[in-house]
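For the sequence shown, position 111 (counting from the first letter as 1) is numbered 403 according to the working numbering, and the numbering increases by one without interruption. Glycine included, every Cβ here is placed at the ideal spot set by N, Cα and C.
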Amino acid sequence: MTLSHAEPAGLSPLAGEEAPAFVPPYPPRPRRLPPLRELLRSLRRSFLDFWPQSCFEREILRRRVLMRDIIICNSPATVQEAFVDQAPAFERKSPQMRHALRPLLGDGLFISDGALWKERRRVVAPVTHVSRLAALTPPITEAAAERAEAWARRDPAEPVDMLAEMGHLTAEIICRTIFGRQLGGGAAATVVSAFAEYQRAVGQTDLISLLGLPDWMPRWQPRRARRAGQRIQAVLDGLIGHVLSGRAGDEASLIRSMAEGINPATGRPMEREAFRNEAAVLFMAGHETTANTLAWAWYLLSQSPSVLARVQAEADALPGPARYADMERLRYTRAVVEETLRLYPPVPLLAREAVAAGEIGGQPVRKGSLVIAVPWLLHRHRKLWHEPDAFRPERFLPGGEAASKPRYTWIPFAIGPRVCTGAAFGLTEAVLCLATLARGVTPRLVPGTVVYPVCRLTLRPGETLPMHLLPRHV
293 MTLSHAEPAG LSPLAGEEAP AFVPPYPPRP RRLPPLRELL RSLRRSFLDF WPQSCFEREI
353 LRRRVLMRDI IICNSPATVQ EAFVDQAPAF ERKSPQMRHA LRPLLGDGLF ISDGALWKER
413 RRVVAPVTHV SRLAALTPPI TEAAAERAEA WARRDPAEPV DMLAEMGHLT AEIICRTIFG
473 RQLGGGAAAT VVSAFAEYQR AVGQTDLISL LGLPDWMPRW QPRRARRAGQ RIQAVLDGLI
533 GHVLSGRAGD EASLIRSMAE GINPATGRPM EREAFRNEAA VLFMAGHETT ANTLAWAWYL
593 LSQSPSVLAR VQAEADALPG PARYADMERL RYTRAVVEET LRLYPPVPLL AREAVAAGEI
653 GGQPVRKGSL VIAVPWLLHR HRKLWHEPDA FRPERFLPGG EAASKPRYTW IPFAIGPRVC
713 TGAAFGLTEA VLCLATLARG VTPRLVPGTV VYPVCRLTLR PGETLPMHLL PRHV
């Protein structure tokens, strides 16, 4: 598989010239969309490997695949029109996404719609609201500091898999946040390994829906995916039982907060199965997406020494591990995370099914069409960004390029009514973890490692990301 690469990082610019920005890898861009059979084969591998060059400059794209119309909103205006202004018509997740995630999330908020979605959203959204960040973030600081101490004891000659490291770290954080500090460790490790297995095994395409067949027809998922989902659900059931039974004491946790919330439709708390499904949503959204973002950030920093130096300088100026109160002092680190989210959005394709006919960009949209926003395209759009494939965190500093963009040019956390309820938490988590860990080590990619973006459910830098952690003496 061919990669697009930048020139080697670290070359010295000529006197008076700005150092060239690192251009990280992305899949090749063919001149035109491949034939249907090749397209479906590519979709099974990854959602990123088939986009033609024209998709990175047009405002709206449409194509009929088998029996479904597919409309891609590829500008801030068309994204707003579909996902904000006409949200009720285009709120339902795509059949592929619903059926791929139902074995894991049940009827959780991420894939539910209609009245059920509204009821659950009213219970769950306040739990991770931005106003609660100060209370929710201490586990981030604690877990990141513990990981930094563990790294300090490592032999720097022995590489680590940074993707797995970030997966375990963010799983530990979300486990402590959802269930309290007393629980974690083994549970987090089980969820990390099971979710990785689920991603490898789950089906990528939904030919049944593309053929226009009804939603109630059963979709087959590989046994490996079903078993991985069952492992995760069993862990979550045990943790929820521990918290709701009172055995966890009075410690604050998201599960306890949800247990105190009232379903507006029934006037009662959520049922136990609903707790499990929403905990699975929080775990997936709070662990997997942030882990991928951090892994990509480490890769980008390892190839951009001057950027890494600025991140480390910010971290060195702190009195200790990064805390929520330090966020204002970590503006450049935040810009690194935001630029990472632009280049490698954790969920690079947001697909909806039209529940009613409508119109987008002056073009008619039939009921049943798939309406899609693709952050992968929008974030690298040639008419929206300067050097769209280059890693330039300065874009996101106050007064930088990103500040002048229309609102829906950057959409890593989805948009409209279905915007991620934990967006502020995830961004804060990534900034605090990156700053705390960068204080102690300088990452170096293991020579010969090929990094390739692969998207199944989420966007990962392949299966592993081996790095050496060179100790610093601050």
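Own chain partners of residue i with C-beta closer than 6 Å, once the 5 adjacent residues on each side are dropped
i, result
"Pro808", "In the structure as shown, the chain begins at 293 and stops at 766. Residue 808 is therefore absent and cannot be evaluated."
"Ala727", "Ala607, Ala614, Leu622 and Thr625"
"Leu641", "Phe339 and Val666"
"Glu686", "Gly692"
"Gly398", "Asn569"
Short Cβ contact (7 Å threshold) for residue i with residue j
i, j, result
"Ala730", "Val603", "yes"
"Glu373", "Ile664", "no"
"Ala436", "Cys725", "yes"
"Ile466", "Phe567", "no"
"Ala583", "Met458", "yes"
"Thr482", "Leu546", "no"
"Val422", "Ala716", "yes"
"Asp341", "Pro319", "yes"
"Arg684", "Ala313", "yes"
"Gly708", "Phe375", "yes"
"Glu721", "Ile352", "no"
"Gly650", "Ala392", "no"
Residue from the options whose Cα sits closest to the Cα of residue i
i, options, result
"Leu751", "Val639, Phe314, Asp377 and Pro448", "Val639"
"Phe348", "Tyr744, Leu669 and Val742", "Leu669"
"Ala479", "Arg384, His579, Arg674 and Pro430", "His579"
"Pro735", "Trp590, Gln491, Tyr700 and Glu563", "Trp590"
"Pro758", "Arg356, His421, Ala449 and Glu679", "Ala449"
"Leu635", "Val573, Arg710 and Tyr744", "Tyr744"
"Cys747", "Cys365, Val371, Leu461 and Ala493", "Ala493"
"Trp677", "Pro698, Leu353 and Glu383", "Pro698"
"Arg414", "Gln378, Ala587 and Ser549", "Ser549"
"Ala379", "Glu620, Leu425 and Ala706", "Ala706"
"Ala463", "Ile352, Ser485 and Pro680", "Ser485"
"Pro317", "Pro680, Tyr700 and Pro709", "Pro680"
"Val733", "Phe382, Leu600 and Gly660", "Leu600"
"Arg412", "Thr701, Leu428, Gly559 and Arg333", "Gly559"
"Arg519", "Phe471, Gly398 and Glu489", "Glu489"
"Leu455", "Arg516, Ser346 and Thr581", "Thr581"
"Leu328", "Leu425, Thr433, Ala649 and Arg356", "Arg356"
"Met562", "Leu536, Thr713 and Ile432", "Leu536"
"Pro430", "Tyr616, Tyr700 and Pro763", "Tyr616"
"Thr713", "Arg523, Asp529, Cys365 and Lys410", "Lys410"
"Gly612", "Tyr700, Gly530 and Glu434", "Glu434"
"Gly654", "Pro637, Ala648, Ala440 and Ala369", "Ala369"
Where residue i falls, given that 16 or more other Cβ within 10 Å makes a residue buried
i, result
"Gly308", "With a pLDDT of only 39 at Gly308, under 50, the local geometry of the prediction cannot be trusted, and the value read off the model is given with reservation. Exposed, by the Cβ-count rule."
"Gln525", "buried"
"Glu630", "buried"
"Ser598", "exposed"
"Pro753", "buried"
"Gly718", "buried"
"Ser304", "Only weak support exists for where Ser304 lies, its pLDDT of 35 falling under 50; the coordinates are left without a value."
"His297", "Bear in mind that a pLDDT of 43 at His297, under 50, signals an unreliable position, so the number given afterwards is only what the model happens to contain. With fewer than 16 Cβ atoms within 10 Å of its Cβ, His297 is classed as exposed."
"His671", "buried"
"Val742", "exposed"
"Gly533", "exposed"
"Glu755", "exposed"
"Leu358", "exposed"
"Met293", "In this predicted model, Met293 has a pLDDT of only 41, less than 50, meaning its place in the structure is not dependable enough to derive any value."
"Asp447", "exposed"
"Glu565", "exposed"
"Arg445", "exposed"
"Val711", "exposed"
"Pro656", "exposed"
8 Å CB neighbourhood of residue i in its chain, flanking five on each side removed
i, result
"Leu662", "Arg360, Asp361, Ile362, Ile363, Ser386, Ala643, Arg644, Glu645 and Ala646"
"Leu689", "Arg623, Tyr624 and Ala627"
"Gly521", "Pro395, Leu396, Ala486 and Tyr490"
"Arg764", "Gln604, Arg731, Gly732, Val733 and Thr734"
"Leu408", "Asp399"
"Val371", "Cys365, Ala665, Leu670, Tyr700, Ile703 and Ile707"
"Leu461", "Ala435, Ala436, Arg439, Ala583, Leu586 and Cys725"
Proximal residues to residue i (C-beta, below 7 Å), its chain only, five neighbours per side dropped
i, result
"Pro451", "Val738, Pro758, Met759 and His760"
"Gly400", "Asn569, Glu570, Ala572 and Val573"
"Ser594", "Pro735, Arg736, Leu737 and Met759"
"Ala426", "Tyr616"
"Glu330", "none"
Enumerate, from N- to C-terminal direction, the unbroken beta strand (DSSP E) stretches of 3 or more residues contained entirely within the segment 352-440. 352-357 and 360-365
Along the chain, which unbroken stretches of the beta strand (DSSP E) at least 3 residues long are found entirely within the segment 648-712? 650-652, 655-657 and 662-665
What beta strand (DSSP E) runs, 3 residues minimum, are completely inside the segment 596-656? 642-645 and 650-652
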